[in-house]
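Single-structure report; data block below.
2 protein chains.
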Amino acid sequence: MAGQRIQRQTGVALWRQIADRIRTSINHGDFDENGMVPPETTLALQFGVNRHTIRSALAALAQEGIVRAVQGRGTLIERKERLSFPISRRTRFSQGIGDQVRETRSMLLASGEDVASSELAKQLRIEPGAPLIRLETLGHADHRPVSRATSWFPADRFGNIAEIYRVTGSITKAFKELGVADYVRVVTEITATHADEGDLTDLQLSPGAIVLVAQALNADLDNVPVQYSISRFAADRVRFTVEN
Amino acid sequence: MAGQRIQRQTGVALWRQIADRIRTSINHGDFDENGMVPPETTLALQFGVNRHTIRSALAALAQEGIVRAVQGRGTLIERKERLSFPISRRTRFSQGIGDQVRETRSMLLASGEDVASSELAKQLRIEPGAPLIRLETLGHADHRPVSRATSWFPADRFGNIAEIYRVTGSITKAFKELGVADYVRVVTEITATHADEGDLTDLQLSPGAIVLVAQALNADLDNVPVQYSISRFAADRVRFTVEN
DNA sequence: TTTAAATGTCTATTGATATAGACAACCATA
DNA sequence: TATGGTTGTCTATATCAATAGACATTTAAA
Numbered sequence: 004m005a006g007q008r009i010q011r012q013t014g015v016a017l018w019r020q021i022a023d024r025i026r027t028s029i030n031h032g033d034f035d036e037n038g039m040v041p042p043e044t045t046l047a048l049q050f051g052v053n054r055h056t057i058r059s060a061l062a063a064l065a066q067e068g069i070v071r072a073v074q075g076r077g078t079l080i081e082r083k084e085r086l087s088f089p090i091s092r093r094t095r096f097s098q099g100i101g102d103q104v105r106e107t108r109s110m111l112l113a114s115g116e117d118v119a120s121s122e123l124a125k126q127l128r129i130e131p132g133a134p135l136i137r138l139e140t141l142g143h144a145d146h147r148p149v150s151r152a153t154s155w156f157p158a159d160r161f162g163n164i165a166e167i168y169r170v171t172g173s174i175t176k177a178f179k180e181l182g183v184a185d186y187v188r189v190v191t192e193i194t195a196t197h198a199d200e201g202d203l204t205d206l207q208l209s210p211g212a213i214v215l216v217a218q219a220l221n222a223d224l225d226n227v228p229v230q231y232s233i234s235r236f237a238a239d240r241v242r243f244t245v246e247n
Numbered sequence: 004m005a006g007q008r009i010q011r012q013t014g015v016a017l018w019r020q021i022a023d024r025i026r027t028s029i030n031h032g033d034f035d036e037n038g039m040v041p042p043e044t045t046l047a048l049q050f051g052v053n054r055h056t057i058r059s060a061l062a063a064l065a066q067e068g069i070v071r072a073v074q075g076r077g078t079l080i081e082r083k084e085r086l087s088f089p090i091s092r093r094t095r096f097s098q099g100i101g102d103q104v105r106e107t108r109s110m111l112l113a114s115g116e117d118v119a120s121s122e123l124a125k126q127l128r129i130e131p132g133a134p135l136i137r138l139e140t141l142g143h144a145d146h147r148p149v150s151r152a153t154s155w156f157p158a159d160r161f162g163n164i165a166e167i168y169r170v171t172g173s174i175t176k177a178f179k180e181l182g183v184a185d186y187v188r189v190v191t192e193i194t195a196t197h198a199d200e201g202d203l204t205d206l207q208l209s210p211g212a213i214v215l216v217a218q219a220l221n222a223d224l225d226n227v228p229v230q231y232s233i234s235r236f237a238a239d240r241v242r243f244t245v246e247n
């Protein structure tokens, strides 16, 4: 980690830029030898800023629960995590990361009915205007929110999927009850953008944070589309893995 | 686009948050009817900020070449684009987006020799400390930079790949000359982060911008690793597509 | 027990960010 | 040509962000 330069007068405060970099370094395992962040004076030298600016950055990370400062000793790393999400034909939320965390949980934020827009209709291979069930869900791993998804299902086949999901907390189980024994991922589109207001609240992010956006189409074993979803992940908590 | 709330005192200036949102809206096609951004006073009302703050946001977008303000008329949308990169066993830079743009070009920024770190050695299935060739390349589409990559190749097989790449401008062609008739993508890891200093200059981004990071392993048809690369894409110019 | 090294707290100052208001300059159109 | 709507420019003020320095407090090790 050589001399890192920081951008000034860009609308992003130095302390926030530095906080982002330190968080990345922690997730990358740069300070794993002693489990501590370098002293404030050292960081101030490395980043070329005042020690108070470093303190602001560390205070923000402490607020997130990533580090904890102990007077006289130093600043300890409390938590580091970046979950790895495999993206394959068998992509599912909980199974993919099940071996990386102690506990996963999905909760239903909202549900309702939509009519298929031209875009949704094309993806799900149904008529525009056809009725759809919309589920908005929040995925947790070890009690921390990691993903926020909106899914659409053709209403004719999955009219009461919201009810079943509310009980089981699992798309896979809901599909099974509705006669879809298995399903596979057809295509996934991945983009990245800044967190919007919903991301900030649901995923507990701070403004300027990044979300990875995955738009996915699932189909049953007869290759009939059953689910189109747009999932938003806190970028500093996850990594997508594509196995070919 | 209902009343959008903006976060204050978070280390990210209001004008930058607003610029990011307007850029997203433009890419999403929200203002496609008349090709213009709403008037400054309207935006000021929508975001609940002063008109001068909106002007700072629009000035930043004008600097990026995304909008152009015309006194007396309004603020015109100059450009919106997001290239789609397919990620599959046959992922290549130019072929994937060839039908989306008129011209693609790759140029060599730098090359050199490295010794394999433990991480690189594991990926390429060679001994740690073994010699590697490092290529740093910049990918353009229609004269705009979109990706910035660092690749490593085992030096014993590909000792003079830099020379050949410099002439041909293509990894695929360089591999062919060195006896690798074909190669496939084994795995791709995708993350997102804030642009660093190199991204800002090479990809012509402004601070706070997002880069999609793809770490990829390519192997020849005998499944022997031939290339490990870390590519950084301007997130507002590309989209990854995973076909399963 | 002393000392060095680390975080915690305080004051003061400068520059960037945001608000507020007023008016000029320009464009399209009635 | 007159008018309404839009961007451009200016002044003034308040708050946030960053620097600078000094010193207190705590911890671990000499």
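So the sequence lines, in the order shown, correspond to chains A and B. The end of the first sequence is residue 247 by the numbering used here, with every number in the run present. The end of the second sequence is residue 247 by the numbering used here, with every number in the run present. Every residue, glycine too, gets a C-beta built ideally from N, C-alpha and C.
In chain order, G211 place their CB closer than 7 Å to the CB of V15 (chain A), counting only its own chain and leaving out the 5 sequence neighbours on each side. Not flagged as an interface residue toward chain B: R151 (chain A), since no C-beta distance is shorter than 8 Å. Flagged as an interface residue toward chain A: T244 (chain B), by a C-beta distance shorter than 8 Å. In the DSSP annotation of this structure, H197 (chain B) is not part of any alpha helix (DSSP H); the continuous beta strand (DSSP E) holding it starts and ends at 186-197. Residue environment for V170 (chain B): exposed (fewer than 16 other C-beta atoms within 10 angstroms of its C-beta). Q207 (chain A) carries a coil assignment under DSSP once its states are collapsed to helix, strand and coil. One thing to note: S232 (chain A) has its Cβ within 8 Å of the Cβ of S154 (chain A). For Q49 (chain B), the uninterrupted alpha helix (DSSP H) segment begins and ends at 43-50. The beta-carbon of H146 (chain A) is placed no less than 8 Å from the nearest beta-carbon of chain B.
Taking 8 Å as the cut-off, the beta carbon of R137 (chain A) is found no closer than this to the beta carbon of E122 (chain A). The beta carbon of R19 (chain B) falls within 8 Å of a beta carbon belonging to chain A, placing the residue at that interface. Taking the Cα positions, V214 (chain B) is about 34 Å away from R76 (chain B). Excluding five sequence positions before and after A195 (chain B), the CB atoms of its chain that fall closer than 8 Å to its own CB belong to I213, V214, L215, V216, A238, given in chain order.
Assignment of beta-bridge partners to L135 (chain B) by DSSP yields B:D117, B:P157. In this structure S209 (chain A) is in contact with T13 (chain B), their Cβ atoms being roughly 5 Å apart against a cut-off of 8 Å. For L215 (chain B), the chain A residues whose C-beta falls within less than 9 Å of its own C-beta are I193, T194, A195, L215, listed in chain order. Between P228 (chain B) and A219 (chain B), the gap from beta carbon to beta carbon reaches 8 Å or more. Using a Cβ distance threshold of 8 Å, V118 (chain B) and V70 (chain B) do not count as a contacting pair. Put simply, the backbone Cα of R24 (chain A) is about 48 Å away from that of D159 (chain A). The beta carbon of V189 (chain B) sits closer than 6 Å to those of L220, A222, all from its chain and outside the five residues before and after it, given in chain order.
Straight across, the Cα-Cα distance linking Y168 (chain A) with L111 (chain A) is about 8 Å. V183 (chain B) has a beta carbon lying at 8 Å or more from every beta carbon in chain A. For P210 (chain A), the C-beta contacts it makes with chain B under 7 Å involve Q10, T13, V15, Q20, in order along the chain.
For I90 (chain A), the chain B residues whose Cβ falls inside 7 Å of its Cβ are V245, in order along the chain. For A133 (chain B), the closest alpha carbon among the candidates B:V149, B:G162, B:E139, B:S109 is that of B:G162. Taking C-beta separations shorter than 8 Å and ignoring five residues to either side along the sequence, the partners of P148 (chain B) in its chain run L141, G142, D205, L206, Q207, A237, following chain order.
Contact annotation for T27 (chain B) against chain A: T196, H197, D199 [CB-CB distance below 9 Å, chain order].
Secondary structure note for T78 (chain A): its beta strand (DSSP E) is the uninterrupted segment 77-80. Ranking A:W18, A:D199, A:S28 by CA distance to the CA of G51 (chain A) puts A:W18 first. Within chain B, no residue has its beta carbon less than 9 Å from that of D202 (chain A); the closest one is some 11 Å off. Cβ-Cβ separation between R92 (chain B) and G172 (chain B): approximately 23 Å, too far for a contact (criterion under 8 Å). For L181 (chain A), the secondary structure class from DSSP, reduced to helix, strand or coil, is coil.
Per DSSP, Q66 (chain A) is one residue of the alpha helix (DSSP H) stretching across 54-66.
Sixteen is the threshold: when 16 or more other Cβ atoms of the shown chains lie within 10 Å of the Cβ of V241 (chain B), as they do, the residue is buried. Only exposed fits V73 (chain A), as fewer than 16 other CB atoms lie within 10 angstroms of its CB. Cβ-Cβ distances below 6 Å link A198 (chain A) to L208, A212, V214 in the same chain, with the five nearest sequence neighbours on each side left out; the list follows chain order.
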